[in-house]
Amino acid sequence: MRNVSAKRAEPVSCIFPIEEVPGAQQLNHQTQVPHRPRNLVKIKYRPKDVTVIVPSVEPWGIEFYGVLNKILASDPAKTIVTTLDEFVPRALEVVQLVDPEHRYIKVVSIPRPPAAQARYQWMRAMQEVNTDIVLVVADRINLPLGFIRSVAIPFNDDNIGCVSSTKRGIRIPSDNIWTDFWNVVGCVYLARNDVQGCGTHKIDQGISCASARALTLRASIMRDPAFVHAFTHEYHLGGLIGPLNAGDDKFITAWLLGHGWRFAMQNGPEATIRTRIGLFPRFIYQYCRWHRTTWRMNPRILFKHRSTWRRYPWTTYSIFISSLFNFAILWDPGMLTCLWYAMEGTCHTRQSMAMLVLWIITSKTLKPMFHFIEHPADIIYLPWLILFGYVCSFLKFYAGLTFWVISWGSREGL
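Read in order, the letters of the sequence shown correspond to residues 548 to 961 in our numbering.
Right, dumping it as structure tokens:
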């Protein structure tokens with residue numbers, strides 16, 4: 548294994564022609580300085596108590612540069628880039644631009660393993676961690692300036708094992724309607740997940756999946772030998788499926804549920820990351836991968852970690868159970884059919900059908916509402932987004948039939 552140190556001065560200005568990169572204005576947008584937290588004397592953990600891990604198989608480009616620059620501006624204890632042996636030189640090129648004095652960034656690597664590649668990258672980086680808190684971030688996101696401080700605060704509670712945060716898609720308008728539509732699809736998907744996640748957490752403190760795009764954990768959890776072995780040797784169906792590479796965040800969520808840890812979720816501008824979502828056909832591959840993980844993990848959570856039913860009843864019902872049966876292409880026509888026969892022969896049949904259709908449309912508009920508030924022009928895509936929601940029922944069913952597929956899907960060779 549290779550281990551190359553790199554270090555830091557103040558983040559330097561970008562030498563790339565940022566204005567020529569689509570979406571760079573959002574990528575390099577500096578959020579306002581976060582509000583000073585109350586009760587400062589009670590805060591146990593600050594950015595200096597957090598080590599940031601950036602797993603990457605593409606450690607190059609303007610987005611990777613932007614991630615490192617934002618991390619260093621937040622002043623964590625250490626930043627560890629973990630990649631594959633063959634990509635170390637390219638990673639160091641970017642690190643040199645961000646941090647010419649080579650002080651606080653360390654680049655570590657692993658050989659390309661046959662399976663569970665991303666998970667071995669995580670564990671390799673953990674060998675360099677000596678702080679109590681670990682923040683794992685994706686290599687293609689935009690972090691607000693106060694993000695690390697925001698996600699460190701909930702660990703004041705010793706029962707909190709994981710802190711999740713909200714996510715938004717990077718909206719990149721395009722003159723090509725097809726490209727523009729798929730960018731909106733990705734942004735709306737994240738917005739819906741955010742509303743659902745924040746809502747369930749507010750009700751019973753549960754969480755369905757702590758996204759690995761920006762996942763904060765206690766280092767003691769990731770150092771636990773039992774966790775390390777289970778994380779890098781995840782199998783299903785008695786060892787027939789695995790070891791898994793994708794679904795690392797869902798595995799961590801299930802592990803924490805099964806070991807009695809509690810979750811926290813931070814919301815607000817300083818705790819919201821921005822990320823790109825793949826366009827067509829990459830989004831389809833991502834969507835199927837996410838739902839294959841759902842088909843594999845939700846039954847395991849329901850039947851193996853049965854304390855979840857008692858500790859998080861609403862999350863259990865609305866997420867872990869409903870996600871296995873929620874097929875809009877079946878339920879919506881079914882409701883309309885039942886209402887039609889129930890009202891048959893009355894004078895209010897048409898009015899009742901119209902009200903139910905309006906109710907269905909309204910229910911599908913509420914979750915992505917925050918996206919439309921931020922980007923009101925995207926409301927023109929609403930009819931097509933609703934239709935695509937029905938297409939997703941087929942994709943979800945297909946994912947269930949192919950749950951044994953464990954490849955990353957959206958990245959070649961993974």
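From the three backbone atoms N, C-alpha and C, an ideal C-beta is built for every residue, glycine too.
Remember, predicted model here, so these are calculated numbers, not experimental data.
{"query": "Cross-strand partners of residue 716 (DSSP beta bridge)", "result": "822"}
{"query": "Integer-rounded CB distance, given that residue 621 should sit under 8 Å from residue 719", "result": "Going by Cβ atoms, the distance from residue 719 to residue 621 rounds to 25 Å, so no, they are not a contact pair."}
{"query": "Endpoints, the alpha helix (DSSP H) within which residue 874 is located", "result": "Here residue 874 belongs to no alpha helix (DSSP H), and DSSP marks it neither H nor E."}
{"query": "Pair within 7 Å by beta-carbon distance, residue 870 and residue 886", "result": "no"}
{"query": "Contact check, residue 783 vs residue 739, beta carbons under 7 Å", "result": "no"}
{"query": "Where residue 836 sits in the DSSP three-state scheme", "result": "helix"}
{"query": "Local conformation of residue 793 per DSSP, three classes", "result": "coil"}
{"query": "Whole-angstrom distance between residue 649 and residue 847, CA atom to CA atom", "result": "45 Å"}
{"query": "Beta-bridge partners of residue 761, as assigned by DSSP", "result": "684"}
{"query": "Reference residue 911; option with closest CA among 933, 851, 757, 861", "result": "933"}
{"query": "Nearest to residue 736 (by Cα), restricted to the options 698, 823, 609", "result": "823"}
{"query": "Residue closest to residue 625, alpha-carbon to alpha-carbon, out of 608, 640, 682", "result": "682"}
{"query": "Classification of residue 595 by the beta-carbon crowding that lies within 10 angstroms, buried from 16 upward", "result": "exposed"}
{"query": "Candidates 687, 607, 704: closest to residue 765 by CA position", "result": "704"}
{"query": "Where residue 608 falls: helix, strand or coil (DSSP)", "result": "helix"}
{"query": "Local Cβ density within 10 Å of residue 836, reported as buried at 16 or more and exposed below that", "result": "buried"}
{"query": "Residue 813 - DSSP class collapsed to helix/strand/coil", "result": "strand"}
{"query": "For residue 732, the nearest candidate out of 709, 715, 655, 745 (CA to CA)", "result": "715"}
{"query": "Residue from 744, 772, 633, 603 whose Cα sits closest to the Cα of residue 757", "result": "744"}
{"query": "Beta-carbon proximity of residue 803 to residue 881, cut-off 7 Å", "result": "no"}
{"query": "Boundaries of the beta strand (DSSP E) in which residue 953 is found, first to last residue", "result": "No beta strand (DSSP E) holds residue 953; DSSP gives it neither H nor E."}
{"query": "Among 725, 830, 685, nearest to residue 618 - alpha-carbon criterion", "result": "685"}
{"query": "Proximal residues to residue 569 (C-beta, below 7 Å), its chain only, five neighbours per side dropped", "result": "Low per-residue confidence applies at residue 569: pLDDT is 42, beneath 50, and the placement is therefore not dependable, though the value from the model is reported in the following sentence. Around residue 569: 719."}
{"query": "Burial state of residue 512, where buried means 16 or more other Cβ atoms lie within 10 Å", "result": "As displayed, the chain neither begins before 548 nor continues past 961, which places residue 512 out of reach and without an answer."}
{"query": "Three CB pairs or more closer than 8 Å across the region 912-931 and the region 817-833", "result": "no"}
{"query": "CA-to-CA distance, residue 600 to residue 672, given in whole angstroms", "result": "7 Å"}
{"query": "N-terminal and C-terminal residue of the alpha helix (DSSP H) that residue 749 is part of", "result": "724-751"}
{"query": "Per-residue burial, residue 795 [other beta carbons within 10 Å of its own, 16 or more giving buried]", "result": "buried"}
{"query": "Reference residue 634, options 742, 729, 668, 726, closest by Cα", "result": "668"}
{"query": "Cutoff 7 Å; reference residue 688; Cβ partners in own chain excluding five residues on either side", "result": "614, 760, 761, 820, 821, 822"}
{"query": "C-alpha gap between residue 801 and residue 828, whole angstroms", "result": "29 Å"}
{"query": "Whole-angstrom distance between residue 830 and residue 944, CA atom to CA atom", "result": "16 Å"}
{"query": "Reduced DSSP secondary structure (H/G/I, E/B, other) of residue 676", "result": "coil"}
{"query": "Beta-carbon proximity of residue 751 to residue 607, cut-off 7 Å", "result": "no"}
{"query": "Under the three-state DSSP convention, the category residue 943 falls into", "result": "helix"}
{"query": "Residue 778 versus 798, 742, 812, 942, residue with shortest Cα-Cα distance", "result": "798"}
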